[in-house]
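*Asks:*
4 protein chains.
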Amino acid sequence: MPVDLTPDPAVAELAKRTAAFVREVVVPVEERHAGVVRDDAVRAELQRAAREAGVFAPHVGVEHGGHGLDMRGRAAVFEEAGYSLLGPLALNIAAPDEGNMHLLEAVATQEQKERYLAPLVAGEVRSCFAMTEPAPGAGSDPAALTTRAEKVPGGWRIDGRKWFITGADGAAFAICMARTSGAPGDRGGATMFLVDADNPGMTLVRHIDTLDESLYGGHLEVAFEGCVVPDDAVLGAVDEGYRYAQVRLGPARMTHCMRWLGIARRSQDIAVARARERELFGSRLADLGMVQAMIADNEIDIAASRGLVLQACWELDRGGSAAQATAIAKTFTAEAVWRVVDRAVQICGSLGISGDVLLGRFLREVRPFRIYDGPSETHRWAIAKRVAGRVDR
Amino acid sequence: MPVDLTPDPAVAELAKRTAAFVREVVVPVEERHAGVVRDDAVRAELQRAAREAGVFAPHVGVEHGGHGLDMRGRAAVFEEAGYSLLGPLALNIAAPDEGNMHLLEAVATQEQKERYLAPLVAGEVRSCFAMTEPAPGAGSDPAALTTRAEKVPGGWRIDGRKWFITGADGAAFAICMARTSGAPGDRGGATMFLVDADNPGMTLVRHIDTLDESLYGGHLEVAFEGCVVPDDAVLGAVDEGYRYAQVRLGPARMTHCMRWLGIARRSQDIAVARARERELFGSRLADLGMVQAMIADNEIDIAASRGLVLQACWELDRGGSAAQATAIAKTFTAEAVWRVVDRAVQICGSLGISGDVLLGRFLREVRPFRIYDGPSETHRWAIAKRVAGRVDR
Amino acid sequence: MPVDLTPDPAVAELAKRTAAFVREVVVPVEERHAGVVRDDAVRAELQRAAREAGVFAPHVGVEHGGHGLDMRGRAAVFEEAGYSLLGPLALNIAAPDEGNMHLLEAVATQEQKERYLAPLVAGEVRSCFAMTEPAPGAGSDPAALTTRAEKVPGGWRIDGRKWFITGADGAAFAICMARTSGAPGDRGGATMFLVDADNPGMTLVRHIDTLDESLYGGHLEVAFEGCVVPDDAVLGAVDEGYRYAQVRLGPARMTHCMRWLGIARRSQDIAVARARERELFGSRLADLGMVQAMIADNEIDIAASRGLVLQACWELDRGGSAAQATAIAKTFTAEAVWRVVDRAVQICGSLGISGDVLLGRFLREVRPFRIYDGPSETHRWAIAKRVAGRVDR
Amino acid sequence: MPVDLTPDPAVAELAKRTAAFVREVVVPVEERHAGVVRDDAVRAELQRAAREAGVFAPHVGVEHGGHGLDMRGRAAVFEEAGYSLLGPLALNIAAPDEGNMHLLEAVATQEQKERYLAPLVAGEVRSCFAMTEPAPGAGSDPAALTTRAEKVPGGWRIDGRKWFITGADGAAFAICMARTSGAPGDRGGATMFLVDADNPGMTLVRHIDTLDESLYGGHLEVAFEGCVVPDDAVLGAVDEGYRYAQVRLGPARMTHCMRWLGIARRSQDIAVARARERELFGSRLADLGMVQAMIADNEIDIAASRGLVLQACWELDRGGSAAQATAIAKTFTAEAVWRVVDRAVQICGSLGISGDVLLGRFLREVRPFRIYDGPSETHRWAIAKRVAGRVDR
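These protein sequence lines map, in sequence, to chains D, L, E and H. With the first letter of the first sequence counted as 1, position 105 gets the number 105 in the working numbering; the numbers rise by one all the way through. Just add 393 to wherever you are in the second sequence, counting from 1, and you've got the working numbering. Just add 786 to wherever you are in the third sequence, counting from 1, and you've got the working numbering. Just add 1179 to wherever you are in the fourth sequence, counting from 1, and you've got the working numbering.
#1: Does DSSP put R1422(H) in a helix, a strand or coil?
#2: Does the beta carbon of Q1078(E) sit closer than 8 angstroms to a beta carbon anywhere in chain H?
#3: Once the 5 residues before and after E1392(H) are set aside, which same chain residues still bring their CB inside 6 angstroms of it?
#4: If we count the other Cβ atoms within 10 Å of its Cβ and call it buried at 16 or more, is V784(L) buried or exposed?
#5: Which term fits Q1132(E), buried or exposed, when burial requires 16 or more other beta carbons within 10 angstroms of its beta carbon?
#6: With R364(D) as the anchor, note down where its alpha helix (DSSP H) starts and where it stops.
#7: Provide the residue span of the alpha helix (DSSP H) that contains F1118(E), from first to last.
#8: Considering only their Cβ atoms, is the gap separating A561(L) from V518(L) smaller than 8 angstroms?
#9: Does any C-beta atom of chain D lie closer than 8 angstroms to the C-beta of I721(L)?
#10: Between A408(L) and V470(L), how many whole angstroms is the CB-CB distance? I'm expecting something under 8 angstroms.
#11: Residues of the stretch 1073 to 1100 of chain E in Cβ contact with chain L at a cutoff of 8 angstroms, in chain order, please.
#12: Starting from L1537(H), find everything on chain L with Cβ-Cβ shorter than 7 angstroms and list it in chain order.
#13: Tell me which residues share the same chain as A523(L) and place their Cβ nearer than 7 angstroms to its Cβ, disregarding the 5 neighbours each side in the sequence.
#14: In three-state DSSP terms, what is F1343(H)?
#15: Kindly indicate which residue of L85(D), A197(D), R43(D), H59(D) has the alpha-carbon position closest to the one of N358(D).
#16: For chain D, find out if any of its Cβ atoms is closer than 8 angstroms to the Cβ of L478(L); answer yes or no.
#17: For the structure I just gave you, are there three or more beta carbon pairs, one from the stretch 895 to 902 of chain E and one from the stretch 829 to 840 of chain E, closer than 8 angstroms?
#18: Since T584(L) and A542(L) are thought to touch, with beta carbons under 8 angstroms apart, how far apart are those beta carbons, to the nearest angstrom?
#19: Buried or exposed: which applies to V938(E), given that a residue is buried once 16 or more other Cβ atoms fall within 10 Å of its Cβ?
#20: Answer with buried or exposed for M1433(H), where buried requires no fewer than 16 other C-beta atoms within 10 angstroms of its C-beta.
#21: Please determine, among R43(D), S350(D), P2(D), A312(D), the residue with the shortest C-alpha to C-alpha distance to G170(D).
#22: Quick check on the DSSP output: the alpha helix (DSSP H) that includes G307(D) runs from which residue to which?
#23: Does D602(L) have its Cβ less than 8 angstroms from a Cβ in chain D?
#24: By how many angstroms is the C-alpha of P1267(H) removed from the C-alpha of H1238(H)?
#25: Where does M787(E) sit, in a helix, a strand or coil, going by DSSP?
#26: Output yes if chain H places a C-beta closer than 8 angstroms to the C-beta of P400(L); else output no.
#27: Taking Cβ positions only, does M1433(H) come closer than 8 angstroms to chain L?
#28: Please report the distance separating the alpha-carbon of D70(D) from that of D317(D).
#29: Taking 7 angstroms as the cut-off, does the CB of A1567(H) come closer than this to any heavy atom belonging to the ligand GTP?
#30: Give a yes or no on whether the C-beta atoms belonging to N1084(E) and R1129(E) are separated by under 8 angstroms.
#31: Please classify P375(D): does DSSP put it in a helix, a strand, or coil?
#32: Mind checking Q896(E): buried by the 16 CB within 10 Å criterion, or exposed?
#33: Buried or exposed, going by whether 16 or more other CB atoms sit within 10 Å of the CB of P1161(E)?
#34: Under 8 angstroms between the Cβ atoms of R677(L) and R669(L)?
#35: If we cut at 8 angstroms on Cβ distances, does R1051(E) have a partner in chain H?
#36: At a Cβ threshold of 8 angstroms, is D397(L) touching chain H?
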C-alpha cells in the first residue's frame, strides 16, 4: 500500500461542513466584534449554533458527543475552524480547553473525567493550564519550574506564581504544574494538580496586556499561595508531570498550527480579493509582479506548513512522541503564518493596516505564536541537538 | 578635503541634549501612557518642557525660534527625539506638522507664513496634509488624484474624499491637494490649498482604526464637499502641486526614517538589557548564539539605515531632489526598523509581547511605515525604473 | 481510511538498499572524481554495480526490468540515489534520460519503444531533450518556440537552434520540439520528433560552459539545419507537443527535486559531522547557537520540501496534472536545497569552500536548479495567476 | 562644519580614471581569460598598463610612487578597480599584497622596507600572509594559533602548518605568524616573521582546490618545519603579533569590501543590461515586477554596503581600531555582495549560469568572502558581545 493522502470521506465532509458554518455563521459575528469577544452570551450562542450545525467538539470521542477525530482528522477540520478567530471558540476547540480535554481524556481518572472533562466538553465551563512562570521560572526551559507543592495531610499545598495563563479569567478550574521533588533545573519531579477556581489559595493577580487579544479569558498572572488541594486533585501520578506535559504539548502545538493556518488562508483570501479588484498604475494589483510574488509565497508557505503538520500528526497518531516532527512543524508554521499575514497586509496597503479589514488584528494575534509553546529559537536548539546527537546518521 | 563624517559640534551637542531630555522627561510620560497620548494638556506640557530644555522645534530657522538644522543635522537630532514615541511630539517635529512646516517655509507667501506657519512652529496649533485618497484615488500612485478644485469667483471650490489624513482631528488647517487641471492618471495639474478647519465644506468623516495609534490626532477620513476657499488659499502656484509634493515628500521620508531609527535603537536597548539579565538553560540570553545573532543583526540594520539616511540628507542639503537616494533609504529603513523591533520582541519572549515593555506597541507603530509614504513595492519599482532607464551605466 | 504516510514496504526496502548501494559503491567513485564523471567506462561500471545490487532503473515497468515505481515510490528511492551526484547516473535515473523514458513510455509507439526506449532503459544509450532555445526563443515561455518543422514528402524538415540541451554530447538520439503550426507566442502547434544523433542535419555546436558540471554529457548548443526526419519520427501526434511536454515536465520537475533533496541531505550530513568534531572557542561547533540555527533550518527546509514533493507526487499518481502542486514544490525545493547547501558550506568554513569536501561542488550544481525547468519567478507568476484566477475562493 | 560626503576632487578624478582604465583595458583581458589569470606575463602587462594610466598602487605613499590614499580615498578607487576581477591585480592592490604593504608601511624597519616593501610596491614580487591554520589551529579564533617559533641562537625556528595561504605560489616572501609565548587559546604571545620563499624550512604542500579561483597564486597549504630565520626577520616586536594583526585586519577587511563592491556593481550592470534587452511574455524583463524587485534590491544592497564601508573607513582614518564598524561593514557587505551576484544570475536566467557572461564566475569568487577574514557568524558574535558588554548604553 503506497502512501495515501486521500482524506477520509467522513473527515472531508465534516471539514466542508465546518468551512461553511464558519463562513456563514462565525465570520459575521467576528467582523461585528473586530475579532475579539469577551461576552459569555456571544460565546454560548456561537457554540449553540455549532452544535446545531453538527460541528461542535469534533475532537472528542463519540461517547462525549464528538467526532473522535484523530490528529490527521483534526488537521483538516481545525484549519477550517481557524478561518475565523472565533471559529475555535464556536467549536469548543480553542486553546487551552482543547489541549486540556486531550490531556484529561488521556490521564484523568473516571471521577475526574466526570467532574472536569464532561462539563468542559459540553462547553459549560472553561479551564486553564497553569505551567508558565515569570523569569527565572518555567518558560522556554520547563525544567526551571519553581512553583512547589508540599505534601500535607490529605493533600498538597501549592505555592508559586504563574503568568501567561490563558483563559484563566472565568475558568472553572486550572491544571497547575508544580514541583513535588527535585529543584529548579531538574527535568523531573513535577506533578499536575486540578485546582478549582474557587480555591481561596488561587488568585488572579492581573490581566497581562498582550499584543494578541483574541483568546477568550485573556492571559493572566495567577498566584498560588498556600493553595491546598486534596489528594484526588492529583492528575495522573505524582512526579510524572513532565511526561504528561509532553502528552499535551506535542498535539497542542499541532492544533495551534492548524488553527493559525486557517487565519493564514483567510488573510490570503482577503489579499487576493483585494488584488483582483484594486487597480494601480493601470493594472490590477493581481497582475503586478511584486504582488504576484507575495501571493505565490503565501501559497507556498501555506502548502509547506500543511505538509509538515500532516507529517507530525501522522507520527502522533501512530503513537510516537513526534518530538522532532512537531518541533519542525511548529517552528516553520509559526513563522510562515506570520509571513503570510504580513504579506497580506502589504498587498492591501493602507487598507491592510486599517480596521476596515481584520488583517491588522490577525497580525497582532499571530505574532506571539512564534513565542508561545516554545520560541522558535528553543525549538531550533532542540532540533539541532537531536540531529547532532544521532549517532548513526 | 576628504569626506568627513565628523558631526558638527553644535549639532552633536544638541543631539546629546535631546537624548538626555527624551530619556529623562519624555520616556516616563510615554511609559505612563503606554505610548499613546490623546490629551492636549500632556502635549502642551511636553512641549513646554522641551522649550525649557532648549530642544524645541530644532528644524525651523533661528528666526522662528529653532536651530535651523539642515537635513544632516536633523538626522542626528531627530533620531534622538524618536527614541520615545512622544519625543517628536515634545519637540514639535512629529508628522505631519514637521513636513508641513518644511513645505510652508519653502513655498508659502509672507502672509501665509504669518497666519499658518508661525502658530504651527510655536506649537499653538496643529495641521494636516490631505493628499491620500481611498482607492482608486491618489495613493501609491499620486497621479490618480481625483479630488477636484474648480475655479469660482474669488476662489476655488474643492470636492473629493481623502483618507489616512494624519492628525486631522484637532488640526487648525489642512493642506489639501486637488486637481485643477487634467484628469486622474496625469502627472500634473494639481494644486495645494490651505483650508481652515472651520471651513464648513471640510468634514471629518471618521477616525480610521489603524494598527498604529501613536500619531497625535489620528488618521482620518475627510470629506471636501463644496468646500470654497479664497484665492489666497492657494499655496504656491496653481497646477504646481506635484512639484511641491516632491519638496515635501523627499525630506519627510527622511525625517520619518530618523524618528523610527530612534524607536529601533530603543527596542534594541530594551532587548539587550533583557538579554543581559535573563538566564536560560544556565546562560545569560546575551551569551546564547541565536540571541547574539539577533543583537548583531539589529546593530547592522541600524547602522546601515543610518548610512543610507545620511547619504540622502547630504544630497537633499546640496539642493538635489535625491529621489533615488531617499527611495533607497526609505525602503531599507522601513524594513530594517521593522526587523529590529521584531527581533527585540523575540529576544524578550513573552515579556516582549506583553504590555510590561513597549515593544508590542512599537511593533504596531512601525508596521505601517512600510506602507505610508509609498509602499516598499512602489519604491522598488521606482528605483528599478531609474536604474533601467539610465542610458549610460 | 485516514491519510496514511506509511511507505509501502517494498519501496522502503528498495530505498534502503539504494541508500546502502550509494554510500558504499557510488560515493567513493564520486569522491575520487570530485563529483564530475565524463568517462563511459566509469558510467558503465556504476550501472553494472547498480544492476547487480538490484537497484537499477527502478522507475520503469517490471517488463523493462525495473521496479515500476509510481511517483510516490520514486520520491523515496530517488532521494536516496541523489545522495551522491553520481547516484542517478548509476541507477539510470539521471536527467534527461529519466524524463525521456517517462515520456516514451507514455507516448511512443510500440516500434519507437523498441528502437528508442529499450536501449535507453538498459543504459546502452543515452538521449537528450531538445526544447529550450536561446532568447528570444522558448525558455521561461515555452510558447516562444521558434524552431520550425516543415512537412516534406515522407517526413519533416526541422530548422532551428537549441541550447542548454543536457546530455547531448554522446546521446544516441534527441527528442526535438519544433513548431508545426502557428507562430512564436502561440501556446499550440508544436510537435515532438525523434532525431537520431547521426542525422547530418543535427549538429552539436558547442558545449556551454556552465556553473554546474555534473550532468553527464554536458549542456550543449545544438543546431538543426535542414534536418530531415521520416514521418515515423513523430512522437505521438502532430501539433500535440505542448501537451506531451506537460506529461514530461510535471514529473520531471519532481524527480529533479527528489535527486537534489539527496544532495541537501548529504550536505547536511557533511556539515553535522563537521560540527560534531570541530571545536571553536572551547565549544564544539554543534553546541554553538548560530550553528545550531543553521542545522535546524536545514532540517526544516528538507522536511518541508519532502512534504511538498510528496503532495505533488500523490496528485500526479492520481492522474492529475498537478500543475499548481508541482510548481509550488519545485519553487520551494529549488530554493530550499540551495539554502541547505549554502548553510552547510558556512558551517564548514574554509573547509566548506575547499575541494577537501564536495560542498563547493554541490553549491555549483544546485544553483541552476532555481533556473532550470522554469525559474522561480516564472513559477511564482504561474502560481499567483492560478490563485487570482480561481473564481470561487 | 557639517558632515560632508563630497569626495575629494583628486580622489574623484583618480576614481574616474581608474574606472575608465578598468573598463577599457582590464575587462577585455578578464573576459578573454574568463576571470582567472595564472600567467606572470599577463600580470606584468596589466601592471604596466596601469602604471602608464597613472592608476598604479594608489594606496601607497607618494614616496613609493603611489597616491597616498587614505581609507576613504581607497573606498572610492578600489571599488572602481574591483569592477573587474583583474582590476586589483593590475593596480597592485590585490589581496594579500595590498594588506601586506599596509602592514609593512606601518611596522617594518627601514631595512625591511627596502628589502621587502619596495619591490612589493613596484610589483616586482608578490607576497603572502601565513596566519590561518587547519583546525584546530588559528582560524575563526586567532588565539588558537599552534604554529610555534622557538628562540635559537641568532634567530628563531618556526614549526607549524598553515593553510589557505593566498598567493603563496610564486610569492617572494611570507609574513608568518607564530606563537613565541603562551599556549593555544591565549590572546597574546604571537610574533610575525618575514620568511623568504627560498627558506628550505618553508614548503608549499599543495594548492587547495577552492570554489574561488581568481586570487593570483592560489590558496596553499604551507608547512614550516625547522624553518630558521634570523633575528632581523622579526616584524615589529616579539609577542606583539596579535596587535599587528589588528593593524592589518581592520583595513584589509574594508579593502576586501571595496573590491567586492566593484564586482557587485559589475554584476548589476550585466543584469540590468540583460533586463533592458531581453523580452519575455511580451515585456522587457526590466518591466516585470519580480525583476524590478531584484534590480532595486541590488541597488539598495550596494548603497547600504557603501555607507557602512565609508563609516568604517572614516573611523580608521581617524586612528581608531574601528573594530565594531569594520565588523558590521564586513558582515553586511559580504552577504550583500553575495545576494547581488545571486540576483544578477537569476535575472539573466540560463545565460547567467553559462560562461557566456562572468556571473557564475563571480558567484564562485564572492561566496568565500562570507568566510574569509572571519565568517559572518564570528563577526556577529563579536558585534553582539561588544553591544552586550557596553556598560552604559
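Note that the Cβ used here is the ideal one computed from N, Cα and C, for glycine as well.
*Replies:* From the atom records:
#1: helix
#2: no
#3: V1215
#4: Only weak support exists for where V784(L) lies, its pLDDT of 46 falling under 50; the coordinates are left without a value.
#5: buried
#6: 359 to 366
#7: 1109 to 1134
#8: no
#9: no
#10: 5 angstroms
#11: L1074, G1075, M1076, V1077, Q1078, A1079
#12: The premise fails here: L1537(H) is roughly 16 angstroms from chain L at the closest Cβ pair, so nothing lies under 7 angstroms.
#13: K555, I558, A567, I568, C569, M570, V615
#14: strand
#15: Checking the sequence shown, residue 358(D) turns out to be Leu, not Asn. Of L85(D), A197(D), R43(D), H59(D), the residue nearest in Cα terms is L85(D).
#16: no
#17: no
#18: 6 angstroms
#19: exposed
#20: buried
#21: R43(D)
#22: 289 to 317
#23: yes
#24: 11 angstroms
#25: coil
#26: yes
#27: no
#28: 7 angstroms
#29: Absence of the ligand GTP is noted for the structure shown, with no ligands found whatsoever.
#30: yes
#31: coil
#32: exposed
#33: buried
#34: yes
#35: no
#36: yes
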